[in-house]
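In our numbering, the protein residues as written are 66 to 261.
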């Protein structure tokens, strides 16, 4: 995280995410870097205070971040976020709007990809390529959502994560998705490798 030529090294500290409140097995330094990047994608580091999704994005609570070895197949990152369904997130039937679910998936499923990239010493932010979303049930106004995202692949130019939006109280599956992102090129400069 000391590579000053990398754009993520110049992000201001997040004003709405306290990294000491994020649980998980990664270092506080990595949690701070992840909070800064998460905040940047919500409001452009304060440069876009009224942009799309800013109000909602700032209500999303980043709960935990973990990176683990998975059955000898390599590293997997998991990010967990939470948010309550409020009036500005629902459609005319008072259930979570599909586009709002897509926004939450985009934001939250990007987190483990970026987190694993930071850990491995790479900028893996990228841009969305596709999202395959399955709506299993409709979260109602007032529902507490738990958004669990895991990296699938974080190598090369195409990265993938899976995401589940669940009811926090009942653990019912509400929405699931696979999100692919494309990245690399000039931004894929090396960062110092972090240690757990």
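We put the CB at the ideal spot given by N, CA and C, even for glycine.
Point to revise | residue 148 versus residue 221: straight-line alpha-carbon distance, rounded | key: Their Cα atoms are separated by approximately 32 Å.
query: What are the partner residues of residue 118, as DSSP defines its beta bridges?
result: Residue 118 pairs with nothing; no bridge assigned.
*Under the assumption that residue 92 contacts residue 144 (Cβ atoms under 8 Å), give the Cβ distance between them as a whole number of angstroms.*
Not a contact, Cβ separation roughly 15 Å.
Requested in this report: Check whether the Cβ atoms of residue 230 and residue 169 lie closer than 8 Å to each other.
Outcome: Contact: yes.
Please report the straight-line C-alpha distance between residue 173 and residue 243, rounded to a whole angstrom. Near 12 Å, if we compare the C-alpha coordinates of residue 243 and residue 173.
Item to check | Own chain residues within Cβ distance below 7 Å of residue 81, not counting five before or after | outcome: For residue 81, where only same-chain residues beyond five positions count, the Cβ hits under 7 Å are 104, 123.
**Asked** What whole-angstrom Cβ distance do residue 198 and residue 240 have, given they're in contact under 8 Å?
**Response** The distance from the Cβ of residue 198 to that of residue 240 is about 6 Å, consistent with a contact at the 8 Å cut-off.
- Option in 190, 153, 126, 245 with minimal Cα separation from residue 233: Comparing Cα-Cα distances from residue 233 to each of 190, 153, 126, 245, the minimum goes to 126.
Next item on the list: Out of 223, 138, 185, 87, state which residue places its alpha-carbon closest to the alpha-carbon of residue 146.
Entry: Looking at 223, 138, 185, 87, the one whose alpha-carbon comes closest to that of residue 146 is 87.
How big is the Cα-Cα spacing for residue 152 and residue 75?
For residue 152 and residue 75, the gap between their C-alpha atoms comes out near 35 Å.
Assuming contact is defined by CB atoms lying nearer than 8 Å, are residue 191 and residue 248 in contact in what I supplied?
Annotated as proximal: residue 191 and residue 248, with beta-carbon spacing under 8 Å.
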